[in-house]
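This note's numbering puts the first residue of the sequence shown at 53, with every later residue one more than the last.
Note that the Cβ used here is the ideal one computed from N, Cα and C, for glycine as well.
What follows is a set of notes on a single structure, which appears directly below.
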Amino acid sequence: MRNETYNAAVLSHTNPNLVRAILSIEVQQKKFREPLPNELLIKMEAAPFNPSDIAFLQDNYNVKKQMPCVPGFEGAGKIVEVGKELDSGFWLGKRVSCFSQQNKDGTWAEYFYAGAHEVLPVSDKLSAAQAATFFINPFTAWGLFEIALQRESSAIIINAAGSRVADFLLALARMHQLEVLAIVRKEQTAKTLIAQGVRHVLVESDPDFNSKLQSLAHELKATTAFDAVGGAQSGQLFNLMPSDSEVVLYGGLSGKAVDGLNPLSLIFDNKMFTGFNLNDWMAETDAVSFEVARQTLEELLTDNVVSTKIQQEVRLPEIAKGLRNYITAMSQGKVVIRF
Ligand SMILES: NC(=O)c1ccc[n+]([C@@H]2O[C@H](COP(=O)([O-])OP(=O)(O)OC[C@H]3O[C@@H](n4cnc5c(N)ncnc54)[C@H](OP(=O)(O)O)[C@@H]3O)[C@@H](O)[C@H]2O)c1
53 MRNETYNAAV
63 LSHTNPNLVR
73 AILSIEVQQK
83 KFREPLPNEL
93 LIKMEAAPFN
103 PSDIAFLQDN
113 YNVKKQMPCV
123 PGFEGAGKIV
133 EVGKELDSGF
143 WLGKRVSCFS
153 QQNKDGTWAE
163 YFYAGAHEVL
173 PVSDKLSAAQ
183 AATFFINPFT
193 AWGLFEIALQ
203 RESSAIIINA
213 AGSRVADFLL
223 ALARMHQLEV
233 LAIVRKEQTA
243 KTLIAQGVRH
253 VLVESDPDFN
263 SKLQSLAHEL
273 KATTAFDAVG
283 GAQSGQLFNL
293 MPSDSEVVLY
303 GGLSGKAVDG
313 LNPLSLIFDN
323 KMFTGFNLND
333 WMAETDAVSF
343 EVARQTLEEL
353 LTDNVVSTKI
363 QQEVRLPEIA
373 KGLRNYITAM
383 SQGKVVIRF
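Take a look at the structure:
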């Protein structure tokens, strides 16, 4: 017999001061309820911290939830209860990765109520941490990479290149033999990427950054850039890339407004500045293409071609420590709550 309650990390309110927001998270008991007719109850194995969670805690994200709430947009676990309208023979006991941006309790809890459209089957061969990080970043990298393929770019530019999205972009670029120009903000991250075989790495604080970016972008014919940073770096990328380039903004890590785009390049050089959002990509992608992406990404992980780097697993009561470790060394890998 299951208990009547389960443990969850509860945020009483968001706070622009991240340290205060983190310190206000408490482990509390939540009561189980009946799953809604189209819901699945998942017994969680693990759930990660992502930049979107950090932005959410600071009220700096597009998803808003009624407070108090359980944060967490992603995770993995096994289905233990099935809503009346769903096929329990199909769902019960299935291991799934989940992704939800709804205004409801999230994944930083021992149990998570998910809509059927918010889960993906995931192989038992993946560790809990790999399964818990399967949905958001690998599929984001896949969706972004499709843009480079459609544009027939011979090279891509990735900033915040020590990130997990970047790991998957790098793996896809290797598969498709596309050159990569990687941009990072720390020397140590540059060294790690070079040791992994990434040939073109620039550190954004290099005094010659602009001239190196311009000459490499032109030499490699890098006409697609994936920008997770925003702020002044968006303008640098846009202005210094060759004609006919597209900068795709998919993150706002700098916390600053996109800045400095040269209007003449926009008008006369056939350049584009666009945005990417995983939810929209999923909505626009047909079921067959999505399943191809799912299977390929799962194979890349089970074959150890790429994996999501994990720096630490923490228990629910250690959530504040885990979040602090994550935000101080994001390139070191994900911190994952292990239930
Ligand atoms: N649009 C979408 O649908 C979508 C979906 C998934 C992810 N994303 C975005 O993708 C990006 C990467 O996510 P992730 O989970 O892969 O990240 P992650 O693995 O947690 O790593 C974050 C990376 O960003 C770097 N970084 C942090 N702040 C930075 C700044 N101000 N300037 C330059 N670099 C900075 C970190 O470097 P340090 O080690 O130097 O801190 C680290 O390498 C995030 O912006 C996230 O929001 C967007």
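Check	Outcome
At least 3 beta-carbon pairs within less than 8 Å: the stretch 271-290 vs the stretch 208-218	yes
Reduced DSSP secondary structure (H/G/I, E/B, other) of Q364	strand
C-beta contact flag for A181 and E351 at 8 Å	no
Range of the contiguous alpha helix (DSSP H) that encloses V344	A339 to T354
Whole-number beta carbon distance between S205 and T275, since they are thought to touch under 8 Å	5 Å
Element boundaries [beta strand (DSSP E), containing L70]	Here L70 belongs to no beta strand (DSSP E); instead the alpha helix (DSSP H) covers L70 to L75.
One or two residues paired with L292 in a DSSP bridge	In the DSSP output, where bridge partners are listed per residue, L292 has none listed.
DSSP state of P173 mapped onto helix, strand, coil	strand
Beta-carbon proximity list for E231, same chain, < 8 Å, skipping 5 on both sides	S206, A207, I208, A225, R251, H252, L272 and A274
Contact test: V232 Cβ vs ligand 1 heavy atom, cutoff 7 Å	no
Where P100 sits in the DSSP three-state scheme	strand
Which residues DSSP lists as bridging M119, in chain order	Paired residue(s): none; M119 is not in a bridge.
Host beta strand (DSSP E) of M227 (start-end)	Unbroken run through M227 is the alpha helix (DSSP H), R216 to M227; no beta strand (DSSP E).
Three or more C-beta pairs below 8 Å linking the stretch 85-105 and the stretch 123-133	yes
Residue range of the unbroken alpha helix (DSSP H) whose run includes D279	Taken as a continuous stretch (DSSP letters only), D279 belongs to no alpha helix (DSSP H), being part of the beta strand (DSSP E) at A274 to D279.
Distance cut-off 7 Å: Y302 Cβ against heavy atoms of ligand 1	yes
C-alpha distance - F191 paired with N331, whole-angstrom precision	10 Å
Completely contained beta strand (DSSP E) runs for the stretch 121-197, where each covers 3 or more residues	126-134, 147-151, 163-167 and 171-173
Residue span of the alpha helix (DSSP H) that contains F320, given as start and end	P315 to F320
heavy atom of ligand 1 below 7 Å from S2 C-beta	Any answer about residue 2 is impossible in this case: the structure gives the chain only from 53 up to 391.
Span separating the alpha-carbon of R376 from that of A61	15 Å
Beta-carbon gap between K386 and R216 smaller than 8 Å	yes
Given V388 as reference, the closest of L109, T185, E56 and C121 once Cα atoms are compared	T185
Buried versus exposed call for M96 [16 or more other C-beta atoms within 10 Å across all chains shown]	buried
Whole-angstrom distance between E370 and P22, CA atom to CA atom	Outside the displayed span of the chain (53 to 391) sits residue 22, for which this structure offers no information.
C-beta contact flag for K308 and G282 at 8 Å	yes
beta-carbon K238 near ligand 1 non-hydrogen atom, thresh 7 Å	yes
S152: CB within 7 Å of a non-hydrogen atom of ligand 1	no
Three-state secondary structure assigned by DSSP to E86	coil
For A161 and K264, believed in contact at Cβ under 8 Å, the rounded distance	K264 to A161, Cβ: 46 Å. No contact.
Straight-line gap, G249 to G167 (C-alpha atoms, nearest Å)	41 Å
Alpha-carbon to alpha-carbon, H65 and S76	8 Å
Among R54, E56, V71 and N55, the one whose alpha carbon lies nearest that of G48	Because the chain spans 53 through 391 in this model, residue 48 falls outside it and cannot be assessed.
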